[in-house]
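In my numbering, the protein residues as written are 392 to 634. All residues carry an ideal CB built from backbone N, CA and C; glycine is no exception. Worksheet: the structure to be examined is printed underneath.
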Amino acid sequence: MFLFKQLLPTKRGLGGALNHFRGSSFRFFSSSPETFVELHSQEQEVVIALGSNVGNRLHNFNEALQLMKKSGINITRHACLYETAPAYVTDQPQFLNSAVRGVTKLWPHELLGVLKKIERDMGRTAGIRYGPRPIDLDILFYGKFRVDSDVLTVPHERIWERPFVMAPLMDLLGTDVENDTVACWHSLSIHSGGLFESWEKLGGERIIGKDGMKRVLPIGNDLWDWSLKTSVMGILNLTPDSF
């Protein structure tokens, strides 16, 4: 079940946390997957972005989440759902986007392999880059680690330019810096104010409901736009036996 609520990011508790983590020695992976130190002994907190614009998008999300859970990824939080206009390649259907937080003992390239297998099993094939796809799964953050290899970069290098990634990420982070891992994620932002500032640079909550980006709620087979006004309808019985 997805968590649907409006979050207004603040910088509460962020300054000290960033000062602590910036300049700290994060584990930095830059070599081939074979030389990575295995991390099976402890769980790492991860953030994974989801996108879909082919078929039943909500069903695709639910199937991907179930497959992740069966593959050693324990989902702990769900972001809101966002319907967004396609980026980069615009002649394609609208996307449904979201993100999840979870914990896993999979090490970075194992996690990548699991996500790529889920994509293939759900029908994704090699095609136009940024083109239509039934499911897209990207690792945004992995513990307190940077990863830089031929096949994987963490944090994901395009987080900062993508509102459809930043909006669900803000849902997952909430309004406070809750632990050292979250503080680390903020410190990895390209902006001095952390991810909160990165989100505000893109327009923040002001862009929700505008610019081809809607926060939506699944109701039956439809997606309801949160920005629409709610109308209340009732039935008044005026027959003789109504009193």
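Assigned with DSSP and collapsed to three states, R492 falls in strand. Leaving aside the five residues that flank I509 on each side, the residues in its chain whose CB is nearer than 8 Å to its CB run, in chain order, A455, L458, M459, S462, I526 and L528.
Under the DSSP assignment, P609 falls outside any alpha helix (DSSP H), being part of the beta strand (DSSP E) whose first and last residues are M604 to I610. T495 is classed as buried because its beta carbon has at least 16 other beta carbons within 10 Å across all chains shown. In its chain, beyond the 5 residues on either side, Q485, F486, N488, F555, G603 and M604 have a beta carbon closer than 7 Å to the beta carbon of T475. DSSP places K601 within a strand segment (E or B) once states are collapsed to three. Looking at the DSSP output, R524 sits in no beta bridge, so it has no partner there. Residues R606 of the same chain have their beta carbon placed closer than 6 Å to that of I599, with the five preceding and five following residues left out of the count.
Linking E434 to G442 through their CA atoms gives a straight-line distance of about 25 Å. Secondary structure at D529: strand, using DSSP grouped into helix, strand and coil. For I509, the secondary structure class from DSSP, reduced to helix, strand or coil, is helix. Closest in alpha carbon position to V437, among V480, V573 and G585, is V573.
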